[in-house]
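Read through the structure below, which is laid out as structure tokens, and then see the notes.
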Amino acid sequence: MSATTFHETHDEAVAGVEDGSTVLIGGFGMAGMPVDLVDALIRQGASDLVVVSNNAGNGDTGLAALLAAGRVRRMVCSFPRQSDSWVFDGLYRSGRIELEVVPQGTLAERMRAAGAGIGAFFCPTAVGTPLAEGKETREIEGRTYVLEHPIRGDYALIGAHVADAMGNLVYRKTARNFGPVMAAAARTTIAQVSRVVPVGGLDPEHVVTPGIYVDRVVAAPGSGPAAGDLQQQEQA
Amino acid sequence: MSATTFHETHDEAVAGVEDGSTVLIGGFGMAGMPVDLVDALIRQGASDLVVVSNNAGNGDTGLAALLAAGRVRRMVCSFPRQSDSWVFDGLYRSGRIELEVVPQGTLAERMRAAGAGIGAFFCPTAVGTPLAEGKETREIEGRTYVLEHPIRGDYALIGAHVADAMGNLVYRKTARNFGPVMAAAARTTIAQVSRVVPVGGLDPEHVVTPGIYVDRVVAAPGSGPAAGDLQQQEQA
Amino acid sequence: MTLERTDRGPLGRAEMAAVVARDIPSGSYVNLGIGQPTLVADHLPEGSGVVLHTENGMLHMGPAATGGPDDPIDPDLTNAGKVPVTELPGASYFHHADSFAMMRGGHLDVCVLGAFQVAAGGDLANWHTGAPDAIPAVGGAMDLAIGAKQVLVMMSLFAKDGSPKLVEACTYPLTGAGCVDRVYTDLATFRVGTGPDGRGVEVLETWGTTYDELAARLDVPLVRA
Amino acid sequence: MTLERTDRGPLGRAEMAAVVARDIPSGSYVNLGIGQPTLVADHLPEGSGVVLHTENGMLHMGPAATGGPDDPIDPDLTNAGKVPVTELPGASYFHHADSFAMMRGGHLDVCVLGAFQVAAGGDLANWHTGAPDAIPAVGGAMDLAIGAKQVLVMMSLFAKDGSPKLVEACTYPLTGAGCVDRVYTDLATFRVGTGPDGRGVEVLETWGTTYDELAARLDVPLVRA
Numbered sequence: 004m005s006a007t008t009f010h011e012t013h014d015e016a017v018a019g020v021e022d023g024s025t026v027l028i029g030g031f032g033m034a035g036m037p038v039d040l041v042d043a044l045i046r047q048g049a050s051d052l053v054v055v056s057n058n059a060g061n062g063d064t065g066l067a068a069l070l071a072a073g074r075v076r077r078m079v080c081s082f083p084r085q086s087d088s089w090v091f092d093g094l095y096r097s098g099r100i101e102l103e104v105v106p107q108g109t110l111a112e113r114m115r116a117a118g119a120g121i122g123a124f125f126c127p128t129a130v131g132t133p134l135a136e137g138k139e140t141r142e143i144e145g146r147t148y149v150l151e152h153p154i155r156g157d158y159a160l161i162g163a164h165v166a167d168a169m170g171n172l173v174y175r176k177t178a179r180n181f182g183p184v185m186a187a188a189a190r191t192t193i194a195q196v197s198r199v200v201p202v203g204g205l206d207p208e209h210v211v212t213p214g215i216y217v218d219r220v221v222a223a224p225g226s227g228p229a230a231g232d233l234q235q236q237e238q239a
Numbered sequence: 004m005s006a007t008t009f010h011e012t013h014d015e016a017v018a019g020v021e022d023g024s025t026v027l028i029g030g031f032g033m034a035g036m037p038v039d040l041v042d043a044l045i046r047q048g049a050s051d052l053v054v055v056s057n058n059a060g061n062g063d064t065g066l067a068a069l070l071a072a073g074r075v076r077r078m079v080c081s082f083p084r085q086s087d088s089w090v091f092d093g094l095y096r097s098g099r100i101e102l103e104v105v106p107q108g109t110l111a112e113r114m115r116a117a118g119a120g121i122g123a124f125f126c127p128t129a130v131g132t133p134l135a136e137g138k139e140t141r142e143i144e145g146r147t148y149v150l151e152h153p154i155r156g157d158y159a160l161i162g163a164h165v166a167d168a169m170g171n172l173v174y175r176k177t178a179r180n181f182g183p184v185m186a187a188a189a190r191t192t193i194a195q196v197s198r199v200v201p202v203g204g205l206d207p208e209h210v211v212t213p214g215i216y217v218d219r220v221v222a223a224p225g226s227g228p229a230a231g232d233l234q235q236q237e238q239a
Numbered sequence: 074m075t076l077e078r079t080d081r082g083p084l085g086r087a088e089m090a091a092v093v094a095r096d097i098p099s100g101s102y103v104n105l106g107i108g109q110p111t112l113v114a115d116h117l118p119e120g121s122g123v124v125l126h127t128e129n130g131m132l133h134m135g136p137a138a139t140g141g142p143d144d145p146i147d148p149d150l151t152n153a154g155k156v157p158v159t160e161l162p163g164a165s166y167f168h169h170a171d172s173f174a175m176m177r178g179g180h181l182d183v184c185v186l187g188a189f190q191v192a193a194g195g196d197l198a199n200w201h202t203g204a205p206d207a208i209p210a211v212g213g214a215m216d217l218a219i220g221a222k223q224v225l226v227m228m229s230l231f232a233k234d235g236s237p238k239l240v241e242a243c244t245y246p247l248t249g250a251g252c253v254d255r256v257y258t259d260l261a262t263f264r265v266g267t268g269p270d271g272r273g274v275e276v277l278e279t280w281g282t283t284y285d286e287l288a289a290r291l292d293v294p295l296v297r298a
Numbered sequence: 074m075t076l077e078r079t080d081r082g083p084l085g086r087a088e089m090a091a092v093v094a095r096d097i098p099s100g101s102y103v104n105l106g107i108g109q110p111t112l113v114a115d116h117l118p119e120g121s122g123v124v125l126h127t128e129n130g131m132l133h134m135g136p137a138a139t140g141g142p143d144d145p146i147d148p149d150l151t152n153a154g155k156v157p158v159t160e161l162p163g164a165s166y167f168h169h170a171d172s173f174a175m176m177r178g179g180h181l182d183v184c185v186l187g188a189f190q191v192a193a194g195g196d197l198a199n200w201h202t203g204a205p206d207a208i209p210a211v212g213g214a215m216d217l218a219i220g221a222k223q224v225l226v227m228m229s230l231f232a233k234d235g236s237p238k239l240v241e242a243c244t245y246p247l248t249g250a251g252c253v254d255r256v257y258t259d260l261a262t263f264r265v266g267t268g269p270d271g272r273g274v275e276v277l278e279t280w281g282t283t284y285d286e287l288a289a290r291l292d293v294p295l296v297r298a
């Protein structure tokens, strides 16, 4: 039913992504970026995608390569312009990609709202700026807010650290970033992890993303379900 | 400035609560209930309080004793009626306390909104029921939502498991419940904990409530800052 | 086709729980409401992979704690009814806003709730009798009613005074509108909210009675499954 | 009273950072924006108890990682500018929605941001030059601008073309309206949004210039502190 499935290859993990899908892609710069899943998505071939991610690709790999392959119709992000975002820059300047810029916290909160069943929310960010133009505003207790709507994903591709066999996830340091939010906001969440440990291998107090939000897991090449020093795995 | 302060006694920790304050009190039944802080609040004497808590007191101690002392003008909760809620029942039936019943998830989300700077949110819960009467509703993508507003606390009294000397908190099992949400929703958050450990005593990956949300900490009598087997403390 | 089991009497409480458990797909994430629905856990088959959620912040809750040496009572580990419970391997804990985001966000596959009344269109009344002297208390019932992908109700079909609890329109205050999918009772299992107007009731199976007998006793637009 | 320091020239970048650091109360929770504001960290005194927040999900961030044996580069631990950093004892990690809830919810005491322009009423423009061919990129600037209890701006007072960056009204697209509290520049420190109409500018201190010289060069309603 909702049980998490475990996959041998990244290609298997991204099977079935339909043309036109909205794909949430984790990571802040390269930290937490599910590079292997994005590479597999390029091979899988889905096109006309809406991609939601904090940045719009770095260098020529990962998300930048997906963009370069012409698979993305629309990019929703907070910060597309980086020193090494030449792929996106070129597509944008030549009018070959749509861009929706969303303040970073509003981007996170709109996905959080999708996962939490919130229909819309009044947000103080961006009031009086071009990013609030055309949006409904309301004064509440003397402060002005703009109405923001959820961002739902058909798929989320995220990078995590360790999964247990229930699909529970933990992350490492600032690579956590958008992972937990996107996992809850997508219909199908696909996680690439460094390692899979048996049930009982993660302390229930330390789980960050419960397995209910995780549909498919693929471990990095060469790793797989294994017992061992779990405490160390969790904290490595 | 915002640095967490550590107190020897529960009485010291609740000093200064003003008459008329809104006080968020953690716990779900007795799990996570900051009983010693509530007892200290009774001794402190603040009255005309608005109390926000999931239940309306059990037996004759803790929150029930605060109610019995006539200090609470208004109770905001999801489930006042329990087998041992005779104190509240008596006050309510004799018209000596106001009651606002809020669905449990809406109660949590309204406090979450307060802590997260959200002005209001459209919530699907309670649509078409008496608890949505008089509230603004809106249809969004074919579903009806009711507009809910934040619940802010002047004070939050919460129970946690271990604090470090930065005020970071971890909880135990289902005693976590409302603690993290209330800590962020109140102007002044006061936590009672089993133990205080030195800085570095909690794994940064495992902190549930960062110290930024914690203003005052008091350890149970007989405990205090101590080194030791932190791993065990964290998981005990 | 409606299955009429006239070779036996109505279901007892444990039998009702077993019928509900039978219909929960393996691997589901499930919330069992306070009271009778709690019994469903005892009837989930070994290896079903069903994961139980409790609203007070936990996935993969185990059975009630017995207080034995391997199974101590832990006041920090309770279910939604404040009963001490246990933790299964693979569990996780989270705070209340996250727990109800999970419910409201539609991530639970199934919830099982008790009811005072269910209407043909799927309206649920289970939190308030409407009596003027009753102290209102809703808990997490409204969040579950609108949140779970499938809302199953478990109740006796008739109240103690003989009045049916499956009705054309609820007379008690609502918990949720049009939210119930199936109703499991001692006498029959129903699918509600069916048909072109969403106000039809299919009889899926009966216990110790027949479709025709039910149709005579209920004032709702029944159809055979 | 406005302090006029005419015994020296304007502040250099590091000196500006030191002045900002001087004004941050000990024990504050602080977010330092990308670019120049990052320098402030180097000037916080030992034992200040200031805790640095980074928007990508961390409290108590340490200095940039040097790549030495005790200080390895960890690609999973970066600041908002994607520069590898370190972790101080007592740190904590959290996800992006929680990190920005912390910002938006008003829990940070101070943030320090760079700016293209600041208006007398406290409007901030720091994300977009308005040039038609520029690719818009806002990051977390708008969230910080409206979220922190005190918003400090650190910038040169005049642009390269000599035009003032402290203005009556911003000509660049806004990041936030009426959100800035103080502006730290090479020539002076200002409090903005003062006075009965909230559009006054107090000169707190000058560096290598006088109040009167500034008043002659700026087209905003200055007053002495």
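Protein chains in written order, with this note's numbering: chain A, 4 to 239; chain B, 4 to 239; chain C, 74 to 298; chain D, 74 to 298.
Even for Gly, the Cβ is constructed at its ideal location relative to N, Cα and C.
A quick note: this is a predicted structure, and the numbers were derived from the prediction, not measured.
Under the three-state DSSP convention, the category residue i falls into
i, result
"residue 10 of chain B", "strand"
"residue 225 of chain A", "In this predicted model, residue 225 of chain A has a pLDDT of only 46, less than 50, meaning its place in the structure is not dependable; the value taken from the coordinates is given anyway. Three-state DSSP puts residue 225 of chain A in coil, outside helix and strand."
"residue 90 of chain C", "helix"
"residue 16 of chain B", "helix"
"residue 172 of chain C", "helix"
"residue 89 of chain A", "helix"
"residue 279 of chain C", "strand"
"residue 233 of chain B", "Residue placement at residue 233 of chain B cannot be trusted, given a pLDDT of 35 that sits under 50; the coordinates are not used to answer."
"residue 272 of chain D", "coil"
CB of residue i within 8 Å of CB of residue j, strictly
i, j, result
"residue 265 of chain C", "residue 225 of chain C", "no"
"residue 25 of chain A", "residue 218 of chain A", "no"
"residue 81 of chain A", "residue 211 of chain D", "yes"
"residue 217 of chain D", "residue 291 of chain D", "no"
"residue 215 of chain C", "residue 129 of chain B", "yes"
"residue 228 of chain D", "residue 281 of chain D", "no"
"residue 168 of chain B", "residue 202 of chain B", "yes"
Bridge partner(s) assigned by DSSP for residue i
i, result
"residue 237 of chain D", "D:231"
"residue 80 of chain A", "A:104"
"residue 107 of chain D", "DSSP output for residue 107 of chain D lists no bridge partner at all."
"residue 82 of chain C", "Residue 82 of chain C pairs with nothing; no bridge assigned."
Contact set between residue i and chain D, taken where Cβ atoms lie within less than 9 Å
i, result
"residue 182 of chain A", "168 and 169"
"residue 174 of chain B", "Neighbours of residue 174 of chain B on chain D: none; closest Cβ ~14 Å, over 9 Å."
"residue 169 of chain B", "124, 132, 133, 162, 163, 164 and 165"
Listed by chain order, chain A residues near residue i by CB distance under 8 Å
i, result
"residue 212 of chain C", "Correct list: empty, because the minimum Cβ distance to chain A is about 18 Å."
"residue 15 of chain B", "Result: empty, since nearest Cβ-Cβ is about 29 Å, beyond 8 Å."
Contacts that residue i makes with chain A (C-beta to C-beta distance below 7 Å)
i, result
"residue 70 of chain D", "The structure shown does not extend to residue 70 of chain D, since chain D is modelled only from 74 to 298, so the question has no answer here."
"residue 80 of chain D", "Going along chain A, no residue has its Cβ under 7 Å from residue 80 of chain D, so there is no contact; the nearest lies around 40 Å."
Contact set between residue i and chain A, taken where Cβ atoms lie within less than 9 Å
i, result
"residue 117 of chain C", "Here the premise fails: no neighbours, minimum Cβ distance about 13 Å."
Closer than 8 Å to chain E by CB, residue i
i, result
"residue 186 of chain D", "Protein chains A, B, C and D are contained in the structure displayed, whereas chain E is not."
Partners in chain C for residue i, counting only beta-carbon separations shorter than 8 Å
i, result
"residue 104 of chain B", "209, 210 and 211"
Under 7 Å by beta carbon: chain B residues contacting residue i
i, result
"residue 173 of chain C", "107, 108, 111 and 112"
"residue 143 of chain A", "122 and 123"
Amino acids of chain D, ordered along the chain, whose beta-carbon sits closer than 7 Å to that of residue i
i, result
"residue 31 of chain A", "129"
Next item on the list: Taking only beta carbons into account, state which residues of the segment 148-162 of chain A come closer than 8 Å to chain B, listed in chain order.
Entry: 148 and 152
Next item on the list: Pull out every residue of the segment 206-233 of chain D whose Cβ sits closer than 9 Å to any Cβ of chain A, in chain order.
Entry: 206, 207, 208, 209, 210, 211, 212, 213, 214, 215, 216, 217, 218, 219 and 220
Next item on the list: Name, going along the chain, the residues of the segment 125-138 of chain B whose beta-carbon falls closer than 7 Å to a beta-carbon of chain A.
Entry: 125, 126 and 127
Notebook entry, point to check: Between the segment 89-118 of chain D and chain A, which residues of the former have CB atoms less than 8 Å from a CB of the latter, in chain order?
Noted result: none
Item checked: Members of the segment 73-94 of chain A near chain D, C-beta cut-off 7 Å -> 81, 82, 83, 84 and 92
Margin query: Closer than 9 Å between beta carbons: that is the criterion. Which residues of the segment 280-296 of chain D meet it against chain B?
Written below: none
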